[in-house]
Structure formats: structure tokens, C-alpha cells
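For reference, each letter of the sequence shown is one residue, going 32 to 218 in the working numbering.
Virtual Cβ for every residue (Gly too), placed ideally from N, Cα, C.
Note sheet for the following structure.
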Amino acid sequence: MAAYPRTRIGLYAVITVIALTTDLLSKGIVFSRLGGVFQGTGWLIDSWVKFELHTSLNPGALWGMGQGFAPVFAALSVVAFAGINYWLFFRGAAASLWLTIALAMVSGGALGNCYDRLGWHGEHFPNDAKPALAVRDFLRFRFGNYDYPIFNIADSFLVAGAIMLMIQSLKQEDDPASTDLKQSPAA
């Protein structure tokens with residue numbers, strides 16, 4: 032096992048659980064309050080940037096790509112979660128506070144969407160009795176005439192974590208003296 036502050040395990044767990052819980056609770060509340068799938072509030076913000084809560088089921092991945100492969104995406108989420116934990120805590124990447132936070136956000140988001148892809152939410156597509164193997168989305172934005180794909184809190188955590196990872200990689204390219212990863216056994 033590599034050296035890192037032991038508090039990183041707790042920090043990682045807390046952030047992952049917060050991300051997962053926030054995602055699952057928000058999906059449950061919005062879908063329950065709006066009455067299920069394909070329901071909307073109408074524009075809550077109505078200007079050039081528009082926003083509404085609008086329930087949707089996505090049987091694919093990013094922007095609906097890969098529809099019908101929910102079990103594969105669920106399995107990949109589990110593999111990614113295991114890989115992240117191995118890299119952080121057995122290879123020592125948890126020595127970096129930044130990476131610990133970023134990967135906790137990615138983990139929480141991945142687990143939230145994995146839960147949905149397994150159909151554990153109990154939502155159904157219209158005229159289908161079995162639970163949908165699909166991610167529940169509900170945040171809808173329109174910018175001018177462009178409708179941004181509907182997404183959820185898990186997606187927000189995934190993207191924020193990914194942006195943090197990109198910043199980390201740019202920081203390392205710009206700063207050869209950076210010791211966060213280059214001198215850790217995780218590199």
C-alpha cells in the first residue's frame with residue numbers, strides 16, 4: 032500500500048456518498064413530484080437562457096449515445112469505481128488532495144447513474160411494465176434556440192470531477208516541479 036494521509040479515505044467516502052445521495056434524492060423527488068416520466072414544470076427561468084425541470088429516461092450514455100447498452104455501461108461504472116479505488120488507495124494517488132476530491136466526484140456520479148441503469152429506480156417507459164434500464168434525467172436548459180441535452184446531478188458531479196482531472200493534467204504539464212503525482216507511486 033502506498034503512503035497518503037489516512038484521512039483521504041474518509042474524505043473520498045464522504046464526497047462519494049454526498050454525490051450519490053444528492054443525485055438519487057434529487058431524481059426521486061423530481062420524478063415523484065412531477066408524476067413520472069416525460070413531465071415538466073414549464074420554464075422556471077424564461078429569458079435567453081431558459082431552465083425547467085423535465086423528467087426523461089436515457090437508455091444510453093452521454094447525449095443518448097449507445098442506447099440499449101445500459102447493462103454494459105453499468106458494468107463499466109463498477110469497473111471504473113473499482114479502478115479509481117485501486118489507483119487512489121493502493122497505488123497512492125490519494126497523496127493528492129485534488130485527485131482524491133476529483134475522483135470522489137466521478138465515483139459518486141458514476142454510482143448514481145449505475146443505480147439507474149440497473150433499473151432499481153422503478154421508473155417505466157410508457158406502455159412497458161418492466162423497470163427501465165435507463166438513467167433518470169431532469170435538468171433542462173435552452174440557450175437561445177439550442178436545447179442542451181437533459182441531464183442530472185450525477186452528470187454534474189462527473190463533469191466537475193473530469194474538469195478537475197483536466198486541470199490537474201495541465202498543471203503538471205506547466206509545472207515540471209509539481210510533486211502531486213510525478214513523484215508518487217501512482218504516476
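(message) Taking only three categories from DSSP, how would you classify residue 131?
(response) Helix.
(message) So, at 6 Å on beta carbons, what are the nonlocal neighbours of residue 43 in its own chain, with the 5 sequence-adjacent residues on each side left out?
(response) For residue 43, the CB contacts under 6 Å within the same chain, skipping 5 residues up- and downstream, are 131, 135 in chain order.
(message) Please classify residue 108 as buried or exposed, where buried requires at least 16 neighbouring CB atoms within 10 angstroms.
(response) Burial state of residue 108 is buried, judged by a 10 Å Cβ sphere holding 16 or more other Cβ atoms.
(request) Go to residue 37, then tell me how far its alpha helix (DSSP H) extends in each direction, as first and last residue. (result) Unbroken run through residue 37: none, as it is neither H nor E.
(request) Would you check if the distance between the CB atom of residue 137 and the CB atom of residue 189 is smaller than 7 Å? (result) In this structure, residue 189 lies closer than 7 Å to residue 137 by Cβ.
(message) Taking contact to mean 3 or more Cβ pairs, one atom from each stretch, closer than 8 Å, check whether the region 118-125 and the region 157-164 are in contact.
(response) Using a Cβ-Cβ distance cut-off of 8 Å, the region 118-125 and the region 157-164 are not in contact, since fewer than three pairs of beta carbons, one from each stretch, lie closer than that value.
(message) For a minimum of 4 consecutive residues, which ranges assigned as the alpha helix (DSSP H) are wholly contained in the region 97-174?
(response) Complete alpha helix (DSSP H) runs here, min 4: 101-120, 128-148.
(message) Bridge partners for residue 186 per DSSP, in chain order?
(response) Under the DSSP definition of a beta bridge, residue 186 lacks any partner.
(message) Going by DSSP, what residue range makes up the beta strand (DSSP E) through residue 84?
(response) Its beta strand (DSSP E) spans residues 80-89.
(message) Just to confirm my understanding: we take residue 98, look at its own chain, exclude 5 residues before and 5 after, and list those with CB closer than 6 Å. What are they?
(response) These residues qualify, in order along the chain: 90, 91.
(request) Select from 129, 94, 69 the residue whose C-alpha is nearest the C-alpha of residue 36. (result) Looking at the Cα atoms, 129 is the closest of the given residues.
(request) Just confirm the distance between the C-beta atoms of residue 191 and residue 54, as a whole number of angstroms; I'd bet it's less than 8 Å. (result) Contact flag wrong, Cβ pair sits at about 12 Å.
(message) Mapping the DSSP letters down to three states, classify residue 71 as helix, strand or coil.
(response) Looking at residue 71 - three-state DSSP - the assignment turns out to be strand.
(request) Using the Cα positions of residue 117 and residue 33, report the straight-line distance between them to the nearest angstrom. (result) Between residue 117 and residue 33, the C-alpha separation is close to 11 Å.
(message) Classify residue 46: buried if its beta carbon has 16 or more other beta carbons within 10 angstroms, exposed otherwise.
(response) Buried is the call here.
(request) State yes or no: is the C-beta of residue 78 within less than 7 Å of the C-beta of residue 168? (result) In terms of Cβ geometry, residue 78 and residue 168 do not form a close pair [threshold 7 Å].
(request) Reducing DSSP to helix, strand and coil, say where residue 49 ends up. (result) In the three-state reduction of the DSSP assignment, residue 49 falls in the helix class, which pools H, G and I.
(message) Please report the straight-line C-alpha distance between residue 58 and residue 170, rounded to a whole angstrom.
(response) When rounded, the distance between both Cα atoms is 10 Å.
(message) Can you give me the C-alpha to C-alpha distance between residue 48 and residue 83, rounded to a whole angstrom?
(response) Distance from the CA atom of residue 48 to the CA atom of residue 83, rounded to whole angstroms, is 26 Å.
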